[in-house]
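Notes for the one structure printed next.
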Amino acid sequence: MTSSPATDPRSVAGKTLELSGGCDLLVVGAGPAGIAAARAAVETGAGVTLVDENPVPFDEMGEHVPQLWGGRMGAEIRNRTAMMERMLEVRPDLADLFDLGVDLRLGTACWGLFVNRANLGWMPGPVAGLRDAGGSSLVGFGAAVIATGRRDMGLAFPGWDLPGVIGAGAAQMLAGLNGALETRRAVVLGTTTEALLAARDLAAAGVDIAAIVEQAGAPQADAALVAEVEGQGIPVLFGEAPRGVTGDADGVTGLQLKGRAIACDSVLLGMGAVPMIDLLQAGGARTVFDAARGGFAPVLGPGGATSLPGVYAAGDCAGVWGAKSADPGIAAAEGAAAARAVLGQAAAAVAQPPEAPDLDGYRKGWVRAAVIEALEEMPVCLCEEVTARDILDVRPPRYLKAGAGRNAELSLSDILGDGPPDPDQIKRLTRAGMGPCQGRRCREQIQALLALREDLTLGAIPLAGYRSPVRPMTLAEIAPQREDPAIAEQWDSWFGMPRQWVPFWDVEPKYTVASLANRKDHVSE
Amino acid sequence: MSVSNAKAEGAQVIVVGGGVTGLSTAFWLAEAGVDVLVLERGLVGWEASGRNGGGCSHHHSPLFPEEQRLWPVMDDLLGYPTEFRPDRIRIALNPTQYELYSRAVVNARHQGFAVDELDAQQVRDLVPLAGETAYAGHYYRFGGHANPHRTVQAYAWAIRDRGGRVMQHVAVTGFVTEGDRVTGVETDRGRFGCDHLVIAAGPQTARLAARLEVHIPMRSARAEMIVTEPLPLMPLGGIDGNGLYGRQTLRGNLAYGGGPHEWVETEALPDRDRPATPLAGHIARRLAELLPKAAHARVIRSWAGLIENTPDGRPVLDRPAPWSNLTVGSLSGVGFGLSPASGRALMQLVTAGRCDFADLSSLRLDRFSDLEPDWAALQGWLPAAALAV
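In order, the protein sequences belong to chains A and B. Here the numbering used here is used: the first residue of the first sequence is 44, the next is one more, and so on. Here the numbering used here is used: the first residue of the second sequence is 3, the next is one more, and so on.
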């Protein structure tokens with residue numbers, strides 16, 4: 044038999060995805076892990092492309108993508124050229140990569156990973172979607188090391204949407220990477236290692252840290268680090284929680300706690316540092332809730348291999364823990380180990396997270412102390428303005444002008460049905476987490492709210508899915524610059540089947556493939 | 003109907019599949035006072051039922067008049083909002099599209115539904131986000147769109163409110179039979195007795211029916227959609243065309259799909275991985291052509307769903323032999339909009355053995371009795387991996 048199988052003309056078969064170049068190794072993220080991975084690979088002669096979305100476009104920063112930037116950026120942040128020069132200045136090992144021949148692209152976000160797997164066979168090979176000032180493009184890659192870092196957990200209290208409420212890690216980035224943090228006097232919420240390191244570094248950079256506030260009775264980080272920041276003259280207050288802020292047209296002017304008020308222009312959220320898994324999870328990498336690694340993190344094999352063939356994770360996106368946050372060498376070792384694995388070299392041992400701190404109790408503690416105390420006052424989901432009360436009552440969005448109805452009298456499980464409450468159900472029904480930030484500011488809070496309500500662990504609450512593009516892009520930007528003409532020639536709004544839309548009074552009583560020889564006009568839905 | 007098999011753990015009617023077709027069927031059964039239990043392997047409406055354009059204008063179907071009759075009253079019937087809004091404007095950007103879309107209009111008019119022709123200026127007057135790319139359009143004085151997420155949940159809540167039950171996270175592992183009757187469903191949570199079984203499980207329908215030696219030809223494909231950030235509401239949200247289906251949601255987002263699909267293997271086990279691809283960009287390009295004044299709108303998500311298709315792309319609503327108490331329902335990838343009518347038709351097939359408001363003869367399973375055994379290969383409906391072997 045020489046006849047080739049038939050092709051469905053309206054399917055992807057025979058249509059080409061146009062790529063703009065490719066590389067042996069794509070590294071996403073130019074922090075310690077990404078830099079180490081790129082260096083290790085380029086030194087063996089591999090073609091390496093290293094992209095980093097920083098400096099993030101100003102408009103996107105205004106929407107808190109991908110960090111809780113918090114509106115305390117100086118005007119210089121708009122000068123992207125200056126910001127890129129600054130990045131190379133403060134990360135000299137990044138500049139070195141230029142000389143080694145790495146294709147280094149700053150200001151370039153990776154918005155999607157597309158790798159063939161179950162339910163997808165069309166990709167010509169692994170593909171990444173990139174976006175820079177010139178628009179989006181698709182590049183092929185042999186392997187990828189994803190080193191997208193971490194972000195800060197959000198926490199709703201009255202006024203948390205005002206300029207000056209910033210992620211602690213985001214503030215550190217603005218101060219260190221961008222040199223553009225305008226904060227002069229800040230209160231830090233949380234005593235995680237990451238919060239205390241941010242307080243220490245920002246204090247050293249000249250920010251007046253008025254206090255570190257902890258809702259619990261004891262610090263989450265090691266006593267030695269607490270002693271170190273106290274030694275810098277920073278008071279640590281326990282058993283306190285935010286009740287609101289004072290503010291003016293420029294944002295926060297003070298933080299109101301349960302028992303006292305503190306004048307400050309910024310409140311730094313440091314109660315949770317979370318692996319930035321958006322790109323990996325949207326790309327199909329399996330994830331698991333792992334308290335020892337800071338929350339949902341990719342399922343990893345040797346060298347940081349994710350479940351996606353050829354895709355590795357390194358640095359904070361592979362897991363956040365105190366010792367790793369304190370020592371960039373751990374992330375760098377992970378990056379180098381991932382590169383070794385990509386190159387087929389013997390696996391290198393990397394540090395493993397120690398015994399998990401009580402992440403479950405700690406994050407729930409903050410949500411109980413702040414969000415539950417102000418159920419209806421402040422949106423938890425700022426994009427869609429959904430309060431904790433709306434979430435727990437599963438109220439339809441306000442534009443429907445319909446109250447909670449019977450749901451207000453029912454338990455969450457009666458509303459949502461069997462199984463743990465799923466944040467994606469909540470998203471569909473209340474719109475919490477459905478906005479442009481893809482739930483980056485609200486998802487840990489929603490997870491804790493649902494777990495608290497149903498008396499479950501955080502890990503029992505499923506992850507709300509991320510979707511590509513994991514960075515918002517205009518229709519004009521994401522539209523491909525080149526398109527296989529076959530895509531346009533065969534484009535149909537639905538499957539384009541010869542008989543699907545034929546009116547029921549005009550179809551043959553028996554259907555066979557052979558009967559399609561009897562042509563009928565093509566109809567659309 | 004007797005209750006002989008409806009033990010405490012069972013129901014008079016068990017519906018396998020908590021998608022929009024199964025839920026609507028169960029709703030209409032519960033509304034009729036039947037004791038009904040829906041078994042869903044994941045969450046209700048999780049698959050393609052909750053991932054579609056929300057359109058409600060299926061002129062080709064024998065269920066079309068009933069679809070049109072029911073949508074305007076569904077909020078009241080269910081007791082929860084579906085976000086249904088009537089009417090649709092379909093915009094053609096060139097004469098070829100206009101001719102194609104006109105054929106659908108002929109079919110609607112044939113059944114007594116009104117459509118106005120619009121010139122380019124009328125399109126621009128009615129659709130603020132349209133622009134110079136418009137060639138002409140059609141204003142459907144019927145149809146419309148609803149919110150799939152809210153609608154599937156409204157069905158589930160309406161079933162609950164009428165004493166029916168919906169179980170999530172329960173996987174069907176087999177069936178119990180006695181002579182020509184299906185008397186129970188085996189699951190990973192035990193056995194449930196029934197007097198009548200409905201299988202309406204989307205892409206899983208064929209696999210489940212095959213366990214009862216009922217063979218429904220079916221293959222699955224992946225299709226994709228995009229959604230933008232909210233934009234100011236247009237007077238009418240049911241705007242599409244240029245090879246796209248979709249709508250502006252009541253929140254203001256533009257949610258659209260269209261273009262190539264990919265044939266895939268239907269997996270036996272639940273898996274949330276429904277890969278979206280760079281086809282999002284190709285959809286975005288066409289949306290920016292359709293609504294040029296929205297070209298600045300940002301895409302904030304894309305997603306994919308798996309859709310079952312019979313060989314002719316038309317539904318199967320039937321009581322297949324040799325069983326005396328089995329009903330199967332697959333809407334073949336076009337299930338959401340028709341769901342109020344398809345569920346009511348399936349309810350009647352269950353309770354009366356026939357549908358009194360639509361001629362379902364074109365939707366019988368035996369129309370495939372002469373189908374070529376290798377039909378999927380002949381139509382090019384095999385996944386790339388299967389072709390490579």
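Glycine residues also receive a C-beta, built at the ideal position from the N, C-alpha and C atoms.
query, result
"Given residue 340 of chain A as reference, the closest of A:321, A:352 and A:354 once Cα atoms are compared", "A:321"
"Burial state of residue 15 of chain B (16 or more Cβ within 10 Å)", "buried"
"Residues that residue 472 of chain A contacts on chain B, provided the C-beta gap is smaller than 8 Å", "151, 152 and 155"
"Boundaries (first-last residue) of the beta strand (DSSP E) holding residue 279 of chain A", "279–281"
"The segment 175–208 of chain A: positions lying closer than 8 Å to chain B by Cβ", "179 and 181"
"Beta-carbon contacts of residue 536 of chain A that lie in its chain and below 8 Å, excluding the five residues immediately before and after", "567 and 568"
"Beta-carbon proximity list for residue 330 of chain A, same chain, < 8 Å, skipping 5 on both sides", "320, 323, 324, 339, 340, 341, 342 and 506"
"Per DSSP, cross-strand counterpart(s) of residue 392 of chain B", "Given a span of 3 to 391 for chain B in the structure shown, any question on residue 392 of chain B remains unanswerable."
"Where residue 425 of chain A meets chain B, residues with beta-carbon distance less than 8 Å", "Correct list: empty, because the minimum Cβ distance to chain B is about 14 Å."
"Integer-rounded CB distance, given that residue 89 of chain B should sit under 8 Å from residue 240 of chain B", "6 Å"
"When B:71, B:212, B:166 and B:328 are compared against residue 200 of chain B, the one with the closest alpha-carbon", "B:328"
"As assigned by DSSP and simplified to three states, the class of residue 307 of chain B", "strand"
"Beta-carbon proximity list for residue 168 of chain B, same chain, < 7 Å, skipping 5 on both sides", "20, 40, 42, 46, 158, 161 and 162"
"Per-residue DSSP class, three states only, for residue 419 of chain A", "coil"
"Contiguous beta strand (DSSP E) assignments of at least 3 residues, all confined to the segment 523–555 of chain A", "none"
"For residue 396 of chain A and residue 33 of chain A, believed in contact at Cβ under 8 Å, the rounded distance", "Here chain A comprises residues numbered 44 to 568, so residue 33 of chain A is not present and cannot be evaluated."
"Length-filtered (4 minimum) alpha helix (DSSP H) runs lying within the segment 266–310 of chain A", "266–274"
"Test: residue 170 of chain B CB closer than 7 Å to a CB of chain A", "yes"
"Beta-carbon proximity check, residue 247 of chain B vs residue 261 of chain B, cutoff 7 Å", "no"
"Neighbourhood of residue 269 of chain A by C-beta, 8 Å cutoff - its chain only, sequence neighbours within 5 removed", "234, 239, 262 and 279"
"Residue 250 of chain A, DSSP secondary structure in three states", "coil"
"Helix, strand or coil at residue 116 of chain A according to DSSP, with G and I counted as helix", "strand"
"Stretch-stretch touch, CB-based, cutoff 8 Å, three pairs: the segment 469–480 of chain A with the segment 430–437 of chain A", "yes"
"Identity of the residues DSSP links to residue 517 of chain A by a beta bridge", "B:300"
"Reduced DSSP category for residue 137 of chain B - H, G, I as helix; E, B as strand; rest coil", "coil"
"Sub-7 Å separation of residue 207 of chain A and residue 183 of chain A beta-carbons", "no"
"Residues near residue 298 of chain B in its chain [Cβ-Cβ closer than 7 Å; skip 5 each side]", "none"
"Beta-carbon neighbours of residue 317 of chain B, restricted to chain A and to distances below 8 Å", "Simply none; closest approach about 10 Å."
"Three-state secondary structure assigned by DSSP to residue 493 of chain A", "helix"
"Any non-hydrogen atom of the ligand FAD closer than 6 Å to residue 335 of chain A Cβ", "No copy of the ligand FAD appears in this structure; indeed no ligand is present at all."
"Beta-carbon proximity check, residue 98 of chain B vs residue 291 of chain B, cutoff 7 Å", "no"
"Chain A contact residues for residue 370 of chain B, given Cβ-Cβ distances below 7 Å", "554"
"Option in A:245, A:530, A:310 and A:407 with minimal Cα separation from residue 205 of chain A", "A:310"
"Alpha carbon of residue 286 of chain A to alpha carbon of residue 298 of chain A, nearest angstrom", "8 Å"
"Beta-carbon spacing of residue 116 of chain B, residue 143 of chain B below 7 Å", "yes"
"Span of the alpha helix (DSSP H) around residue 92 of chain A", "Note, residue 92 of chain A: premise wrong, no alpha helix (DSSP H); beta strand (DSSP E) at 91–95."
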